Structures are given as structure tokens and as C-alpha cells.
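>
There are 2 protein chains.
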Amino acid sequence: MLASNAVQVPSRTTNRGAPAAQPRIAACIAPPAFAASQPHQVVLYSPNAEIYGQGERAAALYQVVFGAVRVYRLLSDGRRQISAFHVAGDVFGFEADGHHHFFAEAICNSAIRIYRQPIGADVAREILPVALTALIRAQEHLLVIGRQNAAERVAAFLLDLFERQDGLPQVELVMSRTDIGDYLGLTIETVSRVFSKFREKGYIRLQGVRTVNLVKLEALRALCV
Amino acid sequence: MLASNAVQVPSRTTNRGAPAAQPRIAACIAPPAFAASQPHQVVLYSPNAEIYGQGERAAALYQVVFGAVRVYRLLSDGRRQISAFHVAGDVFGFEADGHHHFFAEAICNSAIRIYRQPIGADVAREILPVALTALIRAQEHLLVIGRQNAAERVAAFLLDLFERQDGLPQVELVMSRTDIGDYLGLTIETVSRVFSKFREKGYIRLQGVRTVNLVKLEALRALCV
DNA sequence: GAAGAAATTCGGTTATATCCTAAGGGAAAC
DNA sequence: GTTTCCCTTAGGATATAACCGAATTTCTTC
Numbered sequence: 236m237l238a239s240n241a242v243q244v245p246s247r248t249t250n251r252g253a254p255a256a257q258p259r260i261a262a263c264i265a266p267p268a269f270a271a272s273q274p275h276q277v278v279l280y281s282p283n284a285e286i287y288g289q290g291e292r293a294a295a296l297y298q299v300v301f302g303a304v305r306v307y308r309l310l311s312d313g314r315r316q317i318s319a320f321h322v323a324g325d326v327f328g329f330e331a332d333g334h335h336h337f338f339a340e341a342i343c344n345s346a347i348r349i350y351r352q353p354i355g356a357d358v359a360r361e362i363l364p365v366a367l368t369a370l371i372r373a374q375e376h377l378l379v380i381g382r383q384n385a386a387e388r389v390a391a392f393l394l395d396l397f398e399r400q401d402g403l404p405q406v407e408l409v410m411s412r413t414d415i416g417d418y419l420g421l422t423i424e425t426v427s428r429v430f431s432k433f434r435e436k437g438y439i440r441l442q443g444v445r446t447v448n449l450v451k452l453e454a455l456r457a458l459c460v
Numbered sequence: 236m237l238a239s240n241a242v243q244v245p246s247r248t249t250n251r252g253a254p255a256a257q258p259r260i261a262a263c264i265a266p267p268a269f270a271a272s273q274p275h276q277v278v279l280y281s282p283n284a285e286i287y288g289q290g291e292r293a294a295a296l297y298q299v300v301f302g303a304v305r306v307y308r309l310l311s312d313g314r315r316q317i318s319a320f321h322v323a324g325d326v327f328g329f330e331a332d333g334h335h336h337f338f339a340e341a342i343c344n345s346a347i348r349i350y351r352q353p354i355g356a357d358v359a360r361e362i363l364p365v366a367l368t369a370l371i372r373a374q375e376h377l378l379v380i381g382r383q384n385a386a387e388r389v390a391a392f393l394l395d396l397f398e399r400q401d402g403l404p405q406v407e408l409v410m411s412r413t414d415i416g417d418y419l420g421l422t423i424e425t426v427s428r429v430f431s432k433f434r435e436k437g438y439i440r441l442q443g444v445r446t447v448n449l450v451k452l453e454a455l456r457a458l459c460v
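Quick note, the sequences are listed as chains A and B, same order.
If you want our numbering, it's the position in the first sequence, counting the first as 1, plus 235.
If you want our numbering, it's the position in the second sequence, counting the first as 1, plus 235.
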């Protein structure tokens, strides 16, 4: 079905999660289409498996078929900043100079569609709006972590997930508290405290640790205006 | 030379700077070219003049001919996050959905080349790498304000200016301490204190308030690795 | 050159989030 | 069913940067 030389084997395992498993080539499922007309392959990744690493040559675009991905950068002492989470349908892996400036890892079991063709004018026109959306998201996130306090950051995070889920008020957190903290520029203790405070105030209801019901949307919205 | 209906008049004045002056149409100078083949106009802006505002319809791309621009976003209580500074040659004003999500203002007297044409496939291919560079810059800035302390942020800021100036160790700060603070997610007092500390340690030398000599580049680099 | 206004720097206090430690809970493995 | 491990929650001390007030410098304007 697919040539074996197309398999990408993760070269690196992070020190934050479980050992990365070998990605396997999946049957070609057909979920949210981006450029399905373009030749591509679909690769499966286990939790915490590296999809690409900082410094590697970049020659592909990636689209989440199912699962979730975190894109992040590290300081030498281990401090980590997650710049984005990606879920089904999202395209990521844009690089300007042929090299990856970030790490990308699967958060949970995930399937990633990989496009390895060079970008022609037609493709550029297709992915430009996707790249611009990512740019705006990143710049809006700058406001959140640069100028908002802990509660405001968490509220913005929950509302962002909410809106990405087409307004379903029950939000599934695929990522851990550590991931959320590293995305919001906070520690896990602070994230946990804010979740507790929101629960006490009746803004949210927690079913287990990974399921959040947004009860008082207005209160959350009022926090991050 | 240029049609008078092409003049863009700033509709809004910020509460942070001096009143905005009317932009005037400039003679067509010919500095760093981006898409000089495309039809465009050049508009002059006075310090603190608004180039575009959040919510306005976005139908143009902008390139700094000379001067400097800040792009920022506001919270309702006035907190401000500057997402980028742009200097001669930089292209900005990308928007994904036909609306501006940010404000753009001239910092000093500036000339801006404005391209109003819709983006075709050929143009998309040309500006995609520019947009991707902006995306990477924004995401790298997330690491700075999300995970680095005050000294590390200022060091990263100075080194960024240094590298954008092709390695000239004398850096001219076109922006105020307030702007720097709002770019780094710090208050002006903290920015000022870090400058003083760097001066005491011999990392930098200050000639006046707006001229910085980077004396110990290695020390600054060591701060933000 | 003098006066006024704005921007910057400085000092001290306070608040927020981190750091550190430990307890509690849930999922996976045995 | 039990154990183990990891993630999460919780509590208290600490540190960093914000906040407040004021002095100083720099730039404008006359």
C-alpha cells in the first residue's frame, strides 16, 4: 500500500513523558480533508512520540487525522513553552527556512497525514490562509500570556477549546495539567488552583480530571475581555 | 501622481501617545523592495498615528519604507501587548478572515508602502515565506514571555534588535520603555531596572536613553539560551 | 538659555505566582 | 482485588515583578 521507505521513525524521546513508540503506517482513513488531492501518507504515533524535532530539516506539512499534538520549544534548563495544541483537521509544521524551530509530539494515540511535496504556487495559495490563522492565534496568545493573570489565562484556554469544539459546553482535555501549564506559562500548581477556584465559584464542573463542563460561560468570558 | 481617494486618514487616536497627525502621501521613494512590481502607494505617518485598527476590514498588505511600527492588542482595561515591532523592509498586516485583529501604529515618522490588491496564487507564493517568518517569530516570542524572567526577556529583546541590524553592536531604540515593557510583558520600572543592572554589570553601555551598546554579547546570549 | 512637560529612573511595599513538600485520587499492572 | 505509579490537589514559605510614590533626566517650547 505504501512504500516502506516512507516510514518515519522518531529519533528522540522526551524526558517528560513515557518512552516513544515506533510510529506505524496506518490504513488510509479519510477524515477532514486538507489537500487530499496531494500525495500523502498517514503515520500513527503513540503518546509522547516525537513527530519532528527542533533543528531537523523541514520538508513536509502535517495534518492531524485523529488524536492531538503539542508543538513546543525548550530552554536549555528544561523550561518548556507549548506554542500550540493541534487536533483533528489542524495543519502544522510550517517552517520558513527549511528547518524546524520547534518540537512536535503526539499527546495521545494520533494519526498524522504527512505531505512531503515542495510547495508550489497553487499549494501556497491554499495553505496561506491556514498559516495566517496560525499567526493570528499565536499573536493573540501573546496577549494572554504577556498581560493576563492566571485565572484569565485559564479562562481564555477553556473558552478557546470550547470554541474550537463548535460550542459544545463539555470540553475534553486531552492534555495533562503540565501541558496546560506549559501552554499558559504557569506551573501545574497554579493551573490546578485556578481549576479548583472555578469549580468552587460554579464556573465549571469537573467530571474526573479530564472532562470540564463550562457552566457559566459569561463569567469566563468576562474574565478575559 | 496618486489618486486622492487613495489617502487613508487615521480614524482613531490612542490614549497612550501624542495626538495622531494626518498621514500625507509621499513621493514614491524606492527602498527595500518587496513586490515593487505590484501597484502600491506610499503613505507618511506621524508618531503615534494609527495605520489600521482592530475590527477594521483588512484588504491590504503593508511594508515599512522607513521608520518603525508597533502592532498590538488591547484588553478592555487598557492592558496592552505589543506582538511585534516592524522596521524598514518588514511586511505586516496579514489577516486571515478579512478583518484586522490588531492595531498598527507608527512609532516615529514613518513611510508605509500599501498594497491593496487581492492576493493571487503568484503573490501567495511570494508572501508565504514572509508570513511563515512572522509566525516563527511570534511563536519564539511566546517562549520569551511565557517562560523567561525579566532579565532574560530584555536580553532576548536586545539580541533580537542586534541581529536584525546585521550585527551592528550599537542598537538604536526607536521605541519607548513603555513600548518595550508592553512587548516583553513587563512594566516600565522593571525594564528600566534591568537596563540599569546590565549597565552596572558591564553588559551594555547607554548613550542617552535610546542608544545601547552591546558590550558583552556572550553574557547576554548566555542569559537567554 | 530658561521653563515646562514628558519620559525615565529609583526606593520601598505589596501581591501574585512560584517553589517545595506532602497528601489524595485514578488508572494500569499484577 | 490489590498494589503500584503517576497525575493531581493542597498547604505554606519564598521570590519575583507589580504597584505606588517620588526624584531625576531628557526633550520641547518659548
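Ideal Cβ placement from N, Cα and C applies to all residues, glycine included.
From a predicted model like this one, the values you see are computed outputs, not experimental measurements.
Report the neighbours of A/Ser311 on chain B: residues whose CB is nearer than 7 angstroms to its CB, in chain order.
Within the first sequence, the letter at position 76 stands for residue 311 of chain A. By Cβ distance, chain B contributes Val460.
> Give the secondary structure of A/Arg456 by DSSP, where H, G and I count as helix, E and B as strand, and everything else as coil.
Counting from 1 along the first sequence, the entry for residue 456 of chain A is found at position 221. DSSP places A/Arg456 in helix when its eight states are reduced to three.
> Please compile the residues from chain A whose C-beta is within a distance smaller than 8 angstroms of the C-beta of B/Glu375.
Numbered from its first residue, the second sequence carries residue 375 of chain B at position 140. Within 8 angstroms Cβ-Cβ: Arg308, His336.
> Can you grab the Cα-Cα spacing for the pair A/Phe329 / A/Asn384, in whole Å?
Indexing the first sequence from 1 puts residue 329 of chain A at position 94. Indexing the first sequence from 1 puts residue 384 of chain A at position 149. The alpha-carbon atoms of A/Phe329 and A/Asn384 are separated by roughly 30 angstroms.
> Measuring alpha carbon to alpha carbon, tell me which residue in A/Thr446, A/Arg292, A/Asp332, A/Val300 is nearest A/Leu403.
As a first step, residue 403 of chain A is located in the first sequence; it is residue number 168 there, counting from the start. When each option's Cα is compared against that of A/Leu403, the closest is A/Thr446.
> If we call anything under 8 angstroms between Cβ atoms a contact, is B/Phe320 one with B/Gln289?
As a working note, residue 320 of chain B is residue 85 in the second sequence. As a working note, residue 289 of chain B is residue 54 in the second sequence. Result no, Cβ atoms of B/Phe320 and B/Gln289 do not sit closer than 8 angstroms.
> Starting from B/Tyr287, trace the beta strand (DSSP E) both ways and give me its first and last residue.
As a working note, residue 287 of chain B is residue 52 in the second sequence. It spans 285-287 - the beta strand (DSSP E) in which B/Tyr287 sits, taken as one unbroken run.
> Suppose you measure from the CA of A/Phe397 to the CA of A/Gln405; what does that come to, to the nearest Å?
Position 162 of the first sequence, counted from the first residue, corresponds to residue 397 of chain A. Position 170 of the first sequence, counted from the first residue, corresponds to residue 405 of chain A. A/Phe397 and A/Gln405: Cα-Cα distance of roughly 8 angstroms.
> Which ranges would you report for the alpha helix (DSSP H) in the region 332-400 of chain A if only whole runs of at least 4 residues count?
Within the region 332-400 of chain A, the complete alpha helix (DSSP H) runs of at least 4 residues are 356-382, 385-399.
> Could you check the C-alpha separation between B/Arg434 and B/Leu408 for me, to the nearest Å?
Residue numbering aside, residue 434 of chain B sits at position 199 when the second sequence is read from its first letter. Residue numbering aside, residue 408 of chain B sits at position 173 when the second sequence is read from its first letter. B/Arg434 and B/Leu408: Cα-Cα distance of roughly 16 angstroms.
> Can you check which of these residues, A/Gln400, A/Leu393, A/Leu421, is closest to B/Leu377 by C-alpha distance?
Within the second sequence, numbered from 1, the residue matching residue 377 of chain B stands at position 142. With distances taken between Cα atoms, B/Leu377 lies closest to A/Leu421.
> Alpha carbon to alpha carbon, how far is A/Gly333 from A/Val389? Give it in angstroms, no decimals.
Within the first sequence, the letter at position 154 stands for residue 389 of chain A. Within the first sequence, the letter at position 98 stands for residue 333 of chain A. When rounded, the distance between both Cα atoms is 34 angstroms.
> Between which residues of its own chain and A/Thr425 is the CB-CB distance below 6 angstroms, once the five residues before and five after are set aside?
Taking the first residue of the first sequence as position 1, residue 425 of chain A is located at position 190. For A/Thr425, where only same-chain residues beyond five positions count, the Cβ hits under 6 angstroms are Ala385.
> Using a Cβ-Cβ cutoff of less than 6 angstroms, which residues in the same chain neighbour A/Ile342 once the five nearest sequence positions on both sides are dropped?
Taking the first sequence and counting its residues from 1, the one referred to as residue 342 of chain A is at position 107. Cβ neighbours of A/Ile342 beyond the five flanking positions: Ala303, Arg305, Val409, Met410.
> The beta strand (DSSP E) that contains B/Ser318, what's its start and end?
The count along the second sequence starts at 1 and reaches residue 318 of chain B at position 83. Taken as a continuous stretch (DSSP letters only), the beta strand (DSSP E) holding B/Ser318 covers 315-322.
> As a quick exercise: from B/Tyr287, B/Gly355, B/Glu387, B/Gly324, pick the residue whose alpha carbon is nearest that of B/Tyr438.
Here the question's residue 438 of chain B lines up with position 203 in the second sequence. Considering only alpha carbons, the answer is B/Glu387.
> Applying the 10 Å Cβ sphere with the 16-neighbour rule, what's the burial state of B/Ala366?
Working through the second sequence from its first residue, we reach residue 366 of chain B at position 131. Counting Cβ neighbours within 10 Å, B/Ala366 comes out buried, since at least 16 surround it.
> Could you spell out where the beta strand (DSSP E) holding A/Thr446 opens and where it closes?
Position 211 of the first sequence, counting from 1, holds the residue named residue 446 of chain A. A/Thr446 -> beta strand (DSSP E) spans 446-449.
> In the DSSP assignment, what are the bridge partners of A/Leu296?
By 1-based counting over the first sequence, the position of residue 296 of chain A is 61. In DSSP, A/Leu296 forms a bridge with A/Tyr350.
> Say whether the region 278-285 of chain A touches the region 356-364 of chain A, bearing in mind that this needs 3 or more beta-carbon pairs closer than 8 angstroms, one atom from each stretch.
At 8 angstroms Cβ cutoff, the stretches do not touch.
> Could you tell me whether the Cβ of B/Ser272 comes closer than 8 angstroms to any Cβ of chain A?
Locating residue 272 of chain B in the second sequence gives position 37, where the first residue counts as 1. Judged by the 8 angstroms Cβ criterion, B/Ser272 is not in contact with chain A.
> Less than 6 angstroms between C-beta atoms, sequence neighbours within five positions excluded: which residues of the same chain meet that for A/Arg308?
As a position in the first sequence, residue 308 of chain A is number 73, starting the count at 1. Counting only Cβ-Cβ distances below 6 angstroms, and skipping sequence neighbours, we find Gln316, Phe337.
> Against chain B, does A/Arg314 count as a neighbour if the rule is that its beta carbon must be under 8 angstroms from one of theirs?
In the first sequence, counting from the first residue as 1, residue 314 of chain A sits at position 79. True, the Cβ-Cβ gap to chain B drops below 8 angstroms.
> Please confirm if A/Ser427 has its CB atom under 8 angstroms from at least one CB of chain B.
Reading the first sequence from its first residue, position 192 is the one you call residue 427 of chain A. With 8 angstroms as the cut-off, A/Ser427 does not count as an interface residue toward chain B.
> Helix or strand or just coil, what does DSSP make of A/Pro266?
The residue you call residue 266 of chain A lines up with position 31 of the first sequence. For A/Pro266, the predicted structure reports a pLDDT of 47, less than 50, and the residue's modelled location is therefore unreliable. The matter cannot be settled from this model.
> Alpha carbon to alpha carbon, how far is A/Val278 from A/Phe301?
One-based indexing of the first sequence puts residue 278 of chain A at position 43. One-based indexing of the first sequence puts residue 301 of chain A at position 66. The straight-line gap from Cα to Cα measures roughly 11 angstroms.
> Classify B/Ala346: buried if its beta carbon has 16 or more other beta carbons within 10 angstroms, exposed otherwise.
To locate residue 346 of chain B, count along the second sequence from 1; it is residue 111. By the 10 Å Cβ count, B/Ala346 comes out buried.
> Got a sec: which bits of the region 333-357 of chain B sit with their beta carbon under 8 angstroms from any beta carbon on chain A, in order along the chain?
Cβ contacts with chain A: His336, Phe337, Ile354, Gly355, Ala356, Asp357.
> What is the DSSP secondary structure of B/Phe329, counted as helix, strand or coil?
For this step, residue 329 of chain B is matched to residue 94 along the second sequence. B/Phe329: coil per DSSP, three-state reduction.
> Kindly indicate which residue of A/Phe392, A/Ala454, A/Ala294 has the alpha-carbon position closest to the one of A/Tyr350.
As a working note, residue 350 of chain A is residue 115 in the first sequence. Among A/Phe392, A/Ala454, A/Ala294, the Cα nearest to that of A/Tyr350 is on A/Ala294.
> Name the chain A residues whose beta carbon is nearer than 8 angstroms to that of B/Leu363?
As a working mapping, residue 363 of chain B is identified with position 128 in the second sequence. Ile354, Ala359, Ile362, Leu363, Ala366, listed in chain order.
> Mapping the DSSP letters down to three states, classify B/Val406 as helix, strand or coil.
In the second sequence, the residue the question calls residue 406 of chain B occupies position 171. B/Val406 falls in the strand class under three-state DSSP.
> Please list, in chain order, all residues of the same chain as A/Arg382 whose beta carbon is under 8 angstroms from its beta carbon, the five residues on each side excluded.
The residue labelled residue 382 of chain A in the question sits at position 147 within the first sequence. Excluding positions up to five away in sequence, the list is empty.
> Just how far apart, CA to CA, sit A/Phe327 and A/Tyr297?
By one-based count along the first sequence, residue 327 of chain A stands at place 92. By one-based count along the first sequence, residue 297 of chain A stands at place 62. Distance between the alpha carbons of A/Phe327 and A/Tyr297: 5 angstroms.
> What do you reckon, is the C-beta of B/Ala331 under 7 angstroms from a heavy atom of the ligand GDP?
By its list of ligands, the structure shown contains no ligand whatsoever, and the ligand GDP lies outside what it can speak to.
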